[in-house]
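Read the structure below first, then the notes.
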Amino acid sequence: MSAKPHPDIERVLIDAASIQQRVQELAAEIDRDYADKPRVLLVGVLKGAFIFLSDLCRALNVPHAVDFMAVSSYGMTATSGAVRIILDLRESIEGKHVLLVEDIVDSGHTLHYLQQVLTSRGPASLRTCALSRKERPEAMGVPVDYLGFTIPDVWVVGYGLDYADTHRTLPYIGVLKPEVYR
Ligand code: PRP
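Below, the structure written as structure tokens:
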């Protein structure tokens, strides 16, 4: 499929076929690692992770359930790292094998915070899966067990990633034209 990218997109960073292939590879890795577990709870972080999670969970063979959390930064604090939960899990994760699923690790604050919160709830295990992680020192310092792609520190949209809640449903990950967000 070689449709022209959306006019707000400067260039396609990861095309749809490469994303789909990587999702299958990640699912195969997860299947292998959880083969001896009765069930894994996939926790998607809204909104961004919903598209990745929906493809990932349908590629898995290991028995699994899906739940969601949503978090928000306090104000526009890209650097403060202050995060709060605005939607929490429906059930306790005590004794469960939990896999936290994110679309992107940018500053790393969200994933770091959620790792701490979920660990404190006593799961049998907690691992993380992120489709992408930016090549920023802060992000690279946050451990990710299953990582799709390392990407440059540019404004990306598509496959769940947004600009002001737009472009999430593009099938590829693209770099946003600077004039769109300036
Ligand atoms: C994005 C993304 C991650 C988070 C990563 O969510 O989905 O959850 O930012 O950024 P960080 O590593 O700097 O913490 P966002 O807050 O944009 O909300 P959204 O998923 O609803 O778009």
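Numbering (the numbering used here), first residue to last: 299 to 480. For glycine and all other residues, C-beta sits at the position ideal for the given N, C-alpha and C.
Q.
For G456 and I471, what's the separation of their Cα atoms in angstroms?
A. Locating residue 456 in the sequence shown gives position 158, where the first residue counts as 1. Locating residue 471 in the sequence shown gives position 173, where the first residue counts as 1. About 5 Å.
Practice task
Would you grab the beta carbon distance between S370 and I391 for me? Rounded to a whole angstrom, and I think it's under 8 Å.
Solution key: Here the question's residue 370 lines up with position 72 in the sequence shown. Here the question's residue 391 lines up with position 93 in the sequence shown. That belief does not hold up - the Cβ atoms of S370 and I391 are roughly 21 Å apart, past 8 Å.
What are the boundary residues of the beta strand (DSSP E) that includes E400?
-> The residue you call residue 400 lines up with position 102 of the sequence shown. Its beta strand (DSSP E) spans residues H395 to V403.
### Query
Start and end of the alpha helix (DSSP H) containing S418?
Residue mapping note: residue 418 aligns to position 120 of the sequence shown, counting from 1. No alpha helix (DSSP H) holds S418; DSSP gives it neither H nor E.
Is it the case that the Cβ atoms of K475 and D313 are separated by a distance below 7 Å? Within the sequence shown, the letter at position 177 stands for residue 475. Within the sequence shown, the letter at position 15 stands for residue 313. The answer is no: Cβ separation not under 7 Å.
(request) Put D293 into one of helix, strand or coil per three-state DSSP. (result) Residue 293 lies beyond the range of the chain shown here (299 to 480); nothing can be said about it.
_Using a Cβ-based criterion (distance less than 6 Å to any ligand heavy atom), does G439 qualify as near the ligand SAM?_
Because the ligand SAM does not appear in the structure shown, any question about it cannot be addressed here, the ligands present being the ligand PRP.
What's the call for K302, buried or exposed, on a 16-neighbour Cβ count within 10 Å?
Along the sequence shown, read from residue 1 onward, the residue named residue 302 stands at position 4. With fewer than 16 Cβ atoms within 10 Å of its Cβ, K302 is classed as exposed.
**Study point:** N- and C-terminal bounds of the alpha helix (DSSP H) containing A368
**Key:** Within the sequence shown, the letter at position 70 stands for residue 368. That residue, A368, is in no alpha helix (DSSP H); its beta strand (DSSP E) goes H362 to S371.
Item to check | Endpoints, the beta strand (DSSP E) within which V452 is located | outcome: Along the sequence shown, one-based indexing puts residue 452 at 154. Per DSSP, V452 belongs to no beta strand (DSSP E) and is neither H nor E.
| Neighbourhood of V440 by C-beta distance below 7 Å, restricted to the same chain and skipping five residues each side | If you number the sequence shown from 1, residue 440 lands on position 142. So the qualifying residues of the chain are V403, G406, L409 and H410.
(message) Would you say the beta carbon of T408 is closer than 6 Å to some non-hydrogen atom of the ligand PRP?
(response) Here residue 408 corresponds to residue number 110 of the sequence shown, with the count starting at 1. Yes - the ligand PRP has a heavy atom lying nearer than 6 Å to the Cβ of T408.
query: Considering only C-alpha positions, which residue in the set T417, N359, E323 and R382 is nearest to P336?
result: Working through the sequence shown from its first residue, we reach residue 336 at position 38. The shortest C-alpha separation from P336 is found at N359.
Beta-bridge pairing of G456 - partner residues as DSSP gives them: To locate residue 456, count along the sequence shown from 1; it is residue 158. Answer by DSSP bridge pairing, in chain order: L459.
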